[in-house]
Amino acid sequence: MYNTKEIEEKWQNYWKEHETFKAENNSDKEKYYLLVEFPYPSGAGLHVGHVRSYTALDSIARLKRMQGYNVLFPMGWDAFGAPAEQYAIKNHIHPKKAVEENIKVFKSQLLSMGYSFDWTREFSTTDPEYYKWTQWQFLKFYEQGLAYKAEKEINWCPQCKTGLSNEDAQGGVCERCGTKTEKKLKSQWLLRMTKYADRLLEGLDETEFLEKIKVAQINWIGKSKGASVFFGLEGLDDKLEVYTTRPDTLFGVTFMVISPEHKLLEKYKDRIKNISEVEAYQKEAKEKTEIERTDASKEKTGVKIDGLKAINPVNGETVEIWISDYVLANYGTGAIMAVPAHDERDFAFAKKFGIKIIPVIDNGEEELTEAYTGDGKMINSGFLNGITNKEEVIEKMINYLETNSIGHKTTNYKLQDWIFSRQRFWGEPIPMVYCEKCGWVPVPYEELPILLPDVTAYEPTETGESPLANITEWVNTTCPHCGGKATRETDTMPNWAGSSWYWLRYMDPHNDKEFANYDILKYWGMVDLYNGGMEHATRHLLYARFWHEFLYDQGLVPTPEPFKKRVAHGMILGENGEKMSKSRGNVINPDDMVKAYGADALRVFEMFIGDYSKDASWSENGLKGCKRFLDKIYRLKDKVVDKEGYTSELENIINKTIKKVTEDILSMDFNTAVSSLMILSNEYDKINELTKSDYRILLTLLNPIAPHITEELVSICKLGNPICETPWPTYDETKMIDETVTIAVSVNGKLRSSMSVPTNTGKDELIRLAKELENVQKHLKDKEIIKEIVVPNKIVNIVVK
RNA sequence: GCAGGUGUGGCGAAAUUGGCAGACGCACUAGACUUAGGAUCUAGCGGAGCAAUCCAUGGGGGUUCAAGUCCCUUCACCUGCACCA
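Numbering-wise, my numbering puts 55 at position 55 of the first sequence, and it's gapless, one number per residue.
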């Protein structure tokens with residue numbers, strides 16, 4: 001009937017030649033900034049999941065443009081990092097080359113879908129012109145003391161042979177390869193993200209993120225309020241600091257627990273009589289994976305330290321110190337005061353090792369069978385006895401701690417500083433130089449970018465060093481400070497670095513003086529709508545917000561928060577309802593679908609497939625149905641006669657459909673937008689003649705979702721200028737009023753009949769008409785009418801007894 | 001365990017926010033046209049019943065003239081986080 005490929009290429013060329021989708025940096029128009037997460041140009045190419053989210057935002061972009069907005073809808077490539085590097089290693093080509101090839105494929109696939117990206121703003125994070133500014137921003141972090149090098153126990157992936165951030169090692173497994181991570185002590189660059197913990201929490205109020213995304217971020221930041229308490233060490237002029245959220249239970253402390261990594265153990269090695277037992281436990285803990293260690297259901301283990309005892313500062317009692325892996329080294333102070341009566345974990349530990357349990361909150365029971373965590377009257381607690389209000393007790397205790405200098409109020413976060421070093425070749429070199437004399441020295445701004453060398457070996461090394469360490473001619477340099485011999489930092493940045501500011505570069509992508517001009521940043525402001533996967537709710541989104549808040553503090557960007565609204569698309573699952581994967585053999589290649597049914601049909605189908613935010617299973621039959629819908633629209637052209645103005649009997653539904661489609665696309669209810677267009681086309685199908693206006697409005701409304709075929713039909717039928725160059729239609733409320741409405745009539749709430757009456761018929765009249773209906777009379781017979789309810793234009797309900 | 005979410009035909013889903021449950025599409029059934037049909041058109045399509053009618057939105061209870069929608073309770077599944085002191 002028609003050749004989709006020909007039509008699609010024709011219009012894709014038209015848009016390119018006419019620069020239809022170019023966003024203007026100097027414009028009087030109101031701006032609208034739509035952002036989709038830029039993809040990794042992996043060897044696998046475009047996924048039908050990409051098609052879903054890109055089509056969604058593309059249709060909004062197209063509609064907004066027609067509504068007169070200056071729309072920024074850019075696309076680029078997030079090409080540093082492990083996937084690109086592994087692809088290169090596997091295929092024995094340089095990552096740079098691999099990235100180039102993959103981008104080419106990816107881009108041609110995106111072009112074939114007809115997306116309205118402004119391609120003049122395209123860049124890759126691996127372009128030296130781009131990563132120059134990533135390095136530049138790192139130097140800013142360093143200048144402000146927010147980038148620092150520290151010896152730190154990090155998550156190490158033995159498979160990838162690189163360190164990972166906490167965010168990349170969630171659940172104790174490497175996010176890339178699924179290998180269980182190990183703990184490894186390494187000197188690392190870190191970004192002081194903890195300094196922004198509160199800002200990252202407060203900033204959420206300025207956004208319209210989905211609730212579940214906000215919750216995920218709040219949980220990850222993990223703010224908790226409590227107190228630091230200093231326990232004395234018996235016979236020593238030293239203290240053991242613990243963090244607790246329940247200082248009110250201090251009188252219930254019967255032992256202390258420190259993590260196996262706690263520095264106290266090294267410090268007082270000589271005093272500890274059972275040091276070999278302690279060391280054996282430390283070794284055991286180290287060899288366990290994070291998963292094994294943090295399995296809450298497993299039985300508690302631990303060793304009592306013989307030779308070190310703590311003194312409870314509120315009652316002077318001596319308590320034993322234990323080590324156990326249920327206390328984590330990297331949270332709080334790595335040490336806890338244990339209150340077995342009121343903490344489940346401490347309770348389990350005390351039961352196992354026969355430690356005494358002293359209740360300090362009265363729960364009314366004789367015997368404690370489990371930790372009591374509720375409210376109650378304070379007992380066994382000295383000056384706190386008798387108080388029942390928990391908040392009051394906590395406040396009293398904190399006051400006591402502070403006046404006696406044995407503790408103070410503190411806030412704690414689960415969020416930790418961002419581990420920013422990767423022992424990898426394919427990443428932005430960290431622009432730092434190490435000099436024997438001067439220590440770590442930043443590379444001067446004018447020397448940026450520090451380019452990655454062109455070499456042949458980029459496999460990770462066995463030693464845990466970056467592959468760059470082997471390239472001596474690159475590593476050896478002079479100190480920018482003293483001019484003496486120095487070496488470059490050989491670790492590279494994590495691949496989250498490039499994606500932590502890319503939306504800013506899109507606004508001013510060719511600027512070689514600054515990462516982006518401030519006035520231009522000010523014009524575009526915040527990203528209005530940012531779409532991406534749920535998997536980035538705590539990582540990319542947290543890093544990006546942190547980075548942006550920092551730039552704001554430096555006066556480099558105009559707003560504290562980067563993204564106004566964040567939405568997440570549901571996954572496209574395989575036809576069998578499982579996640580698409582090569583091993584399951586249920587992967588659908590968008591290229592094949594475009595070839596068989598055309599880009600428009602694929603776009604329509606993915607919008608029609610279901611609720612945008614929910615997962616949906618692929619269905620080739622569903623796609624065929626959407627192709628049939630487009631074919632039907634194509635056939636409608638034969639009914640078009642040379643007349644203008646809407647056919648009067650269609651006027652009502654046309655106006656309703658304009659309203660529905662406009663609202664649905666903007667609120668991302670794409671499935672119902674498509675369905676209302678199907679309904680409209682079904683109406684067109686029922687009549688013999690269509691005016692040019694009738695046909696054009698249908699094509700216009702469908703255009704954001706199916707841009708090629710609709711433009712082609714406007715052109716074939718000579719319906720005027722291309723849709724993309726004309727304004728989006730408005731609707732006329734007065735034309736949407738129906739002349740007659742169908743009223744449902746029920747008796748005792750059960751539907752008995754219905755009637756067609758003029759719109760806005762009065763209540764009394766409706767009741768009168770309703771009672772005349774045969775089936776209604778039948779149900780009213782010999783009954784007493786108690787109540788008559790009328791909802792105008794909707795329903796009549798007669799209640800009888 | 002905590003947090004967020006979802007339960008509606010054979011399937012994907014709608015439901016103007018308390019007012020005719022199942023729009024639209026898929027699959028299926030019957031028929032028409034056809035050398036042919038993975039094209040098109042017509043009709044049907046939650047269950048039971050010849051019918052009037054009855055039963056149906058995970059289960060149970062409640063509010064109401066009226067509940068998929070509101071309240072209580074319970075079950076199932078998904079997705080995060082999880083020994084965070």
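Using N, Cα and C, we set each Cβ at its ideal position, and we do this for glycine too.
Note that the structure is predicted; figures quoted are calculated from it, not measured.
Limits of the beta strand (DSSP E) - the one that residue i falls within
i	result
Gln188	182-191
Pro442	439-442
Arg566	563-568
Met337	335-338
Ala150	147-157
Inter-residue spacing [alpha-carbon to alpha-carbon] between residue i and residue j
i	j	result
Thr388	Lys414	30 Å
Met113	Asn91	28 Å
Trp501	Thr134	8 Å
Asn760	Leu769	14 Å
Ile658	Arg65	16 Å
Pro707	Phe209	29 Å
Tyr458	Lys96	11 Å
Glu808	Cys157	Since the first residue of the chain shown is 1 and the last is 801, residue 808 is not available in this structure.
Thr742	Arg52	38 Å
Trp440	Glu19	48 Å
Asn703	Val674	11 Å
Asn412	Thr194	10 Å
Trp322	Ile609	57 Å
Leu542	Ala497	12 Å
Leu602	Thr662	21 Å
Distance CB(residue i)-CB(residue j) smaller than 8 Å
i	j	result
Lys273	Gly235	no
Gly302	Phe349	yes
Phe73	Asp118	yes
Gly43	Asn3	no
Pro590	Gln109	yes
Met668	Tyr597	no
Tyr506	Arg121	yes
Ala310	Leu384	no
Ile723	Glu712	no
Phe255	Pro313	no
Met580	Asp615	no
Ala169	Trp426	no
Where residue i sits in the DSSP three-state scheme
i	result
Lys132	helix
Asp362	strand
Arg345	helix
Leu751	strand
His18	coil
Glu320	strand
Ala44	coil
Pro707	helix
Ile665	helix
His408	strand
Ser381	coil
Glu206	helix
Glu241	strand
Glu788	strand
Ala329	coil
Host alpha helix (DSSP H) of residue i (start-end)
i	result
Asn166	Premise fails: Asn166 is in no alpha helix (DSSP H) and is neither H nor E.
Cys435	Careful: Cys435 lies outside any alpha helix (DSSP H), inside the beta strand (DSSP E) at 432-435.
Phe670	670-686
Thr487	First-last for Thr487: 485-488, but that is the beta strand (DSSP E), not the alpha helix (DSSP H).
Ala596	590-597
Asn91	82-91
Lys309	Segment 303-311 is the beta strand (DSSP E) holding Lys309; no alpha helix (DSSP H) there.
Presumed contact (8 Å Cβ cut-off) between residue i and residue j, rounded CB distance
i	j	result
Val745	Ser754	6 Å
Gly232	Thr244	Not a contact, Cβ separation roughly 16 Å.
Val433	Cys479	6 Å
Asp325	Ala338	With a Cβ gap of about 14 Å, Asp325 and Ala338 do not count as contacting.
Lys31	Trp524	6 Å
Ala88	Ala98	4 Å
Phe691	Glu725	Note that residue 691 is Thr in the sequence shown here, rather than Phe. Actually they are not in contact, since the Cβ atoms of Thr691 and Glu725 sit about 21 Å apart, beyond 8 Å.
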